[in-house]
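The structure appears right after this line, and notes come after that.
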Amino acid sequence: MSSCLFCEIAAGRIKAEIIHEDEGCLAFRDISPKAPSHILVIPRRHLDGLNDLVGPDSAAADGLLAAGVMAAHAEGLAPGGYRFVINCGQDGGQSVGHLHLHVLGGRPLAWPPG
Ligand code: DGP
Numbered sequence: 265m266s267s268c269l270f271c272e273i274a275a276g277r278i279k280a281e282i283i284h285e286d287e288g289c290l291a292f293r294d295i296s297p298k299a300p301s302h303i304l305v306i307p308r309r310h311l312d313g314l315n316d317l318v319g320p321d322s323a324a325a326d327g328l329l330a331a332g333v334m335a336a337h338a339e340g341l342a343p344g345g346y347r348f349v350i351n352c353g354q355d356g357g358q359s360v361g362h363l364h365l366h367v368l369g370g371r372p373l374a375w376p377p378g
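Anchor point for the sequence shown: position 39 equals 303 in our numbering, and the numbering is continuous, going up by one each time.
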């Protein structure tokens, strides 16, 4: 899947500011931040998106959430709070076809989202 942007970041061929990494996931700063802290968490192994989290691949969700929490701690967001977002498909606003969790924080976040 060499044409996938986030696979390229996971492989280190495209640079990103890494916040946290573990065996299964990588967390790095979003290139176009929507909040003072905006981190993306990806599974190293390619999955297109939320719709792939079925059957044996559903286990990837655990690692993704855990890595997101670790990234939030590393960023100092835990005391004030933060938000996880996963956009799915065209209507969900997904623009990169590799599963990713947004970790947003550093200011009060409005609800509902647009
Ligand atoms: P989404 O719209 O949910 O698919 O989010 C994709 C995010 O990816 C978006 O917030 C911008 C970010 N992004 C796109 N290209 C790059 C890149 O080359 N590097 C980094 N760090 N983030 C990127």
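In this text, a Cβ means the ideal position worked out from N, Cα and C, and glycines have one as well.
Practice problem: State buried or exposed for residue 369, treating a residue as buried only when at least 16 other CB atoms are found within 10 Å of its CB. | Solution: Taking the first residue of the sequence shown as 1, we reach residue 369 at position 105. When all chains shown are included, residue 369 counts as buried.
Exercise. Look at the Cβ atom of residue 336, then the Cβ atom of residue 303, and state whether they are nearer than 9 angstroms.
Key: Counted from its first residue, the sequence shown places residue 336 at position 72. Counted from its first residue, the sequence shown places residue 303 at position 39. Yes; because the gap between Cβ atoms is below 9 angstroms, this pair is in contact.
Self-check item: As assigned by DSSP and simplified to three states, the class of residue 290
Solution: Looking up residue 290 in the sequence shown gives position 26. Strand.
Quiz item: Going along the chain, which residues of its own chain have a beta-carbon closer than 8 angstroms to the beta-carbon of residue 352, five neighbours each way excluded?
Solution: Along the sequence shown, one-based indexing puts residue 352 at 88. Taken in chain order, the residues that qualify are 313, 314, 315 and 358.
Quiz item: Nearest CA to the CA of residue 345: which residue from 269, 333, 363 and 267?
Solution: Position 81 of the sequence shown holds residue 345. Nearest C-alpha to residue 345: 333.
Exercise. Compute the minimum distance between the beta carbon of residue 358 and the heavy atoms of ligand 1, and state whether it is under 8 angstroms.
Key: Sequence index remark: in the sequence shown, residue 358 carries index 94 (1-based). Indeed, a heavy atom of ligand 1 lies less than 8 angstroms from the Cβ.
Self-check item: Close beta carbons around residue 294, own chain, < 8 angstroms, minus the five adjacent residues each side
Solution: On the sequence shown, position 30 is the one that residue 294 refers to. Contacts found: 302, 303, 304 and 366.
Quiz item: What first and last residue would you give for the beta strand (DSSP E) that runs through residue 303?
Solution: Mapped onto the sequence shown, residue 303 falls at position 39. Taken as a continuous stretch (DSSP letters only), the beta strand (DSSP E) holding residue 303 covers 301 to 307.
Quiz item: Is residue 351 near ligand 1, going by C-beta to nearest heavy atom under 8 angstroms?
Solution: On the sequence shown, residue 351 is found 87 positions in, with the first residue counted as 1. Yes, the Cβ of residue 351 comes within 8 angstroms of a heavy atom of ligand 1.
Exercise. From the DSSP output, in three-state form, read off residue 314 for me.
Key: In the sequence shown, counting from the first residue as 1, residue 314 sits at position 50. Residue 314 falls in the helix class under three-state DSSP.
Quiz item: Looking only at C-alpha atoms, which of 343, 271, 350 and 376 sits nearest to residue 317?
Solution: Walking along the sequence shown from the start, residue 317 turns up at place 53. The candidate whose alpha carbon is nearest that of residue 317 is 350.
Quiz prompt | Residue interval of the beta strand (DSSP E) (run including residue 283) | solution = In the sequence shown, the residue the question calls residue 283 occupies position 19. Taken as a continuous stretch (DSSP letters only), the beta strand (DSSP E) holding residue 283 covers 282 to 285.
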